[in-house]
Amino acid sequence: MHRAHERLAARDELGRVLTPARPFGPIATEDVAGIGRSTVDQLFDRNNRIYSQAVSDLFPAYIIGRKGAGKTAFLISSDTDREVWRAAIDTEKVYHEMLNVLNAYRGDGLFVGQRAEIWTALFDHVAMFHAWRFFDGHDPEGKLNVLGTYLGQAADPAADASQVAERFLRQVRERVHERPGTGPTEILEGMGQDKARFADARAAMRDLLTDRGQPLVIVMDNLEELHLRLRELTPVLAGLFRAVGGIMARSPSDRPYGVQICLPSELFDQIHRIAAAADKDMQGGYLKIYWSARELLRLAGTRLHLFLRTRHPDEYDRLARAADRVDEPEPDIALLRAALPTNFRSGLGIPEDPVAYLLRHTQLLPRHLIHILNSVFSRHDRGSTPWQVTPAAILAGTRHAEHLLVTSILAAYQASYPLAGEALRRLTGRLDICFPACELHKVYNRQGIRKVSGMDFDEFLSMLFSLGVLGIRFGQTGRYNKAHFQYTFDYELGAQEEHDHLCVHPLFTRYLLERSLPQLRKAQAHATYPYGCDPQGEDYRTAFGYTVPPPRN
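Each step along the sequence shown adds one to the number in the working numbering, with nothing skipped, and position 45 is 112.
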């Protein structure tokens, strides 16, 4: 009876997440953060190589990914790993309180090492609360009592890690106001009471967590609006990076807990500059999130399976039988293919695989594909349904999704390229889908882009590569120009003006070439096929050595 109730509850939760307007779920993972673990287990695929690396024994200190790469999804899904304890703290609230603490010191100022001391103490407090809250029968009672006495009101089983962190920072700020000019070391030494000072509680926490042997990782999600507040938060971040570097530099036997921080790759160059000593502060390693085409399709197929099974069980059964006849080894990907038309022509009039068409319009990010699929599968163009999608729905849905995705990409790079939108508008209608690199330089000069953007040509081209607007052609077929884009590389692309051809990414084609599309169709122009998006192609991450090849069966 209990299991039946759990299944019903999970189905109800799936029904709230996977809706007719969003059959593949919301594009922001935060919108599913409140659902139960059994539902999370169904929504997030743990059989991919990203997940296996992220939860490996190495516990990389930094999870780096572009906006929409699934950094938050990693935190939510890895939280279900029973082998590791994870304590999540609310990044926005903690940054806010830490900024208040540093502002309280504004008159005297703090060095990076002093800010790191406060951050380390914050992490210690989260670990203290965890050690006290999740005690077991083998823990020495005296050490638990030290933690309970020190934490005081914070030792509330109903509290969470974020509340403990916020309370600690408010206490520090109050003590700074009470004792102006007192440094962080003296403030921390004075916290607690005679029977349990900060140093006593930290020592008890370290002993307890070390003896238990079950790893604790304190995690902080990315701040969505970090690109808008980077300058304001620079002192906060510099202290954070120094603290994490210090924690991860300790030997495993002297490290009672680990730390994992999610950061946007769009700002990673600036983050490196914020770190006072990057080689020391950014210790602990980082995992950069890259998705393969197959992993994205597996995620999408799983979501379609859950949506149809939950909301349209009869249609799901019929489509599943059709999927058995699809030449595809993975059932959920076969289900996705069975829902799409077999005959399809792109906006350029090119006959192509609809799955490849959809993937071409992403930058290999889950958010991109989920948003496009939601737009496509929720349409009713010419009788389209989520179990029998029409070609018209694919074209109209993809076109509708492109605008928001382009806007989102420009916003993510706002801190690095505040004038990117205006510079791109100067290119509108002035280039082909594929063109010699020297032609871009001519348009740059004629349109006065240096004056508008403040960038020289090399900087401008670097921006276009970073945004994923342009790639470098490396091959051709009868239908496509195959191109490398920077988002599949761990380093910057570089083009030779006199030799290379540049290609516009499909996501930006309409943005830059809307009025030229009829002429391009008439001329039978080649579409751009970004490297890595071939549903049957090699895993580019293995080809470039970014991941270890999967074991052979």
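In this text, a Cβ means the ideal position worked out from N, Cα and C, and glycines have one as well.
Just so it is clear, the structure is predicted and the values come from calculations on it, not from any experiment.
Please confirm whether residue i and residue j have their CB atoms less than 8 Å apart.
{"i": "Ala183", "j": "Gly313", "result": "yes"}
{"i": "His294", "j": "Ala482", "result": "yes"}
{"i": "Val168", "j": "His192", "result": "no"}
{"i": "Trp358", "j": "Pro421", "result": "no"}
{"i": "Leu431", "j": "Leu507", "result": "no"}
{"i": "Trp186", "j": "Leu307", "result": "yes"}
{"i": "Arg625", "j": "Cys501", "result": "Nothing about residue 625 can be read from this structure; the chain reaches only from 68 to 620."}
{"i": "Val473", "j": "Leu494", "result": "no"}
{"i": "Ile476", "j": "Gly535", "result": "yes"}
{"i": "Ala594", "j": "Leu403", "result": "no"}
{"i": "Leu623", "j": "Tyr129", "result": "The structure shown does not extend to residue 623, since the chain is modelled only from 68 through 620, so no value can be given for it."}
{"i": "Ser533", "j": "Pro87", "result": "no"}
{"i": "His428", "j": "Ile417", "result": "no"}
{"i": "Glu233", "j": "Val161", "result": "yes"}
{"i": "Asp567", "j": "Ala504", "result": "yes"}
{"i": "Arg133", "j": "Tyr554", "result": "yes"}
{"i": "Arg392", "j": "Pro458", "result": "no"}
Quick check on the DSSP output: the alpha helix (DSSP H) that includes residue i runs from which residue to which?
{"i": "Thr301", "result": "Leu293 to Ala316"}
{"i": "Tyr598", "result": "Unbroken run through Tyr598: none, as it is neither H nor E."}
{"i": "Trp199", "result": "Val179 to Arg200"}
{"i": "Gly538", "result": "Note, Gly538: premise wrong, no alpha helix (DSSP H); beta strand (DSSP E) at Leu537 to Gln543."}
{"i": "Tyr607", "result": "Tyr607 to Ala610"}
{"i": "Arg517", "result": "Ile516 to Ser520"}
{"i": "Lys262", "result": "Neither: Lys262 is in no alpha helix (DSSP H) and is coded neither H nor E."}
{"i": "Arg577", "result": "Pro573 to Leu580"}
{"i": "Ile437", "result": "Pro433 to Phe444"}
Since residue i and residue j should fall inside the 8 Å C-beta cutoff, what is the C-beta to C-beta distance between them, to a whole number of angstroms?
{"i": "Asn441", "j": "Pro127", "result": "Their Cβ separation, rounded to whole angstroms, is 31 Å, which puts Asn441 and Pro127 out of contact at 8 Å."}
{"i": "Val456", "j": "Pro398", "result": "With 8 Å as the limit, Val456 and Pro398 do not qualify as a contact, their Cβ atoms being about 18 Å apart."}
{"i": "Gly538", "j": "Pro597", "result": "6 Å"}
{"i": "Ala367", "j": "Ala389", "result": "The pair is not a contact, with the Cβ atoms about 17 Å apart (cut-off 8 Å)."}
{"i": "Ala360", "j": "Cys600", "result": "5 Å"}
{"i": "Ile94", "j": "Ile356", "result": "The pair is not a contact, with the Cβ atoms about 16 Å apart (cut-off 8 Å)."}
{"i": "Thr158", "j": "Leu334", "result": "14 Å between Cβ atoms; not a contact."}
{"i": "Arg370", "j": "Gly82", "result": "Not confirmed; about 13 Å, so no contact."}
For the ligand PLP, is there any heavy atom lying closer than 7 Å to the beta carbon of residue i?
{"i": "Gly215", "result": "You won't find the ligand PLP in this model; it holds no ligand whatsoever."}
May I have the straight-line CA-CA distance separating residue i from residue j, to the nearest angstrom?
{"i": "Ala460", "j": "Glu469", "result": "14 Å"}
{"i": "Leu425", "j": "Phe235", "result": "48 Å"}
{"i": "Pro573", "j": "Leu283", "result": "43 Å"}
{"i": "Phe556", "j": "Val519", "result": "29 Å"}
{"i": "His72", "j": "His205", "result": "Because the pLDDT at His72 is just 44, under 50, the model does not fix this residue reliably, and the point stays unresolved."}
{"i": "Met68", "j": "Arg78", "result": "For Met68, the pLDDT reaches just 44, beneath the cut-off of 50, and the residue's location in the model is therefore unreliable, leaving the point undetermined."}
{"i": "Val443", "j": "Gly135", "result": "19 Å"}
{"i": "Ile328", "j": "Ile156", "result": "10 Å"}
{"i": "Phe201", "j": "Gly604", "result": "47 Å"}
{"i": "Asn620", "j": "Arg296", "result": "Reliability of the predicted coordinates at Asn620 is poor, the pLDDT of 49 falling under 50, and the value obtained from them is presented with this limitation in mind. The straight-line gap from Cα to Cα measures roughly 48 Å."}
{"i": "Arg497", "j": "Leu580", "result": "8 Å"}
{"i": "Glu382", "j": "Leu85", "result": "16 Å"}
{"i": "Gln238", "j": "Ala221", "result": "11 Å"}
{"i": "Ile131", "j": "Arg517", "result": "31 Å"}
{"i": "Gln166", "j": "Ile400", "result": "Note that residue 166 is Leu in the sequence shown, not Gln. So the two alpha carbons sit approximately 47 Å from each other."}
{"i": "Gln260", "j": "Ala342", "result": "35 Å"}
{"i": "Phe265", "j": "Leu304", "result": "24 Å"}
{"i": "His197", "j": "Met530", "result": "44 Å"}
{"i": "Ala478", "j": "Arg376", "result": "36 Å"}
{"i": "Leu491", "j": "Phe524", "result": "13 Å"}
{"i": "Glu164", "j": "Glu362", "result": "38 Å"}
{"i": "Ile285", "j": "Leu189", "result": "11 Å"}
{"i": "Thr106", "j": "Ser451", "result": "28 Å"}
{"i": "Leu435", "j": "Pro585", "result": "Note that residue 435 is His in the sequence shown here, rather than Leu. Cα to Cα, the separation comes out at about 26 Å."}
{"i": "Gly635", "j": "Leu373", "result": "Past the edges of the chain, shown from 68 to 620, lies residue 635, and the structure says nothing about it."}
State the start and end residues of the unbroken beta strand (DSSP E) segment that holds residue i.
{"i": "Cys329", "result": "Gly325 to Pro331"}
{"i": "Gln591", "result": "Counting along the chain, Gln591 falls outside any beta strand (DSSP E), and DSSP gives it neither H nor E."}
{"i": "Tyr547", "result": "Tyr547 to His551"}
{"i": "Arg361", "result": "Taken as a continuous stretch (DSSP letters only), Arg361 belongs to no beta strand (DSSP E), being part of the alpha helix (DSSP H) at Ala360 to Arg378."}
{"i": "Ile132", "result": "Just to set this straight, residue 132 is Gly in the shown sequence, not Ile. First-last of the beta strand (DSSP E) with Gly132: Tyr129 to Gly132."}
{"i": "Tyr9", "result": "The question about residue 9 has no answer here: the residues shown for the chain are numbered 68 through 620."}
{"i": "Phe502", "result": "Cys501 to Pro503"}
{"i": "Ile285", "result": "Leu283 to Met287"}
TODO: Report yes or no: do three or more beta-carbon pairs, one from the segment 553-565 and one from the segment 318-326, lie closer than 8 Å?
DONE: no
Open item on the list: Tell me whether the segment 217-227 and the segment 241-256 touch, counting them as touching only if at least three CB pairs, one residue from each stretch, are closer than 8 Å.
Closed with: no
Task: Touch test, the segment 209-217 against the segment 264-278, Cβ-Cβ under 8 Å, three pairs minimum - done: yes
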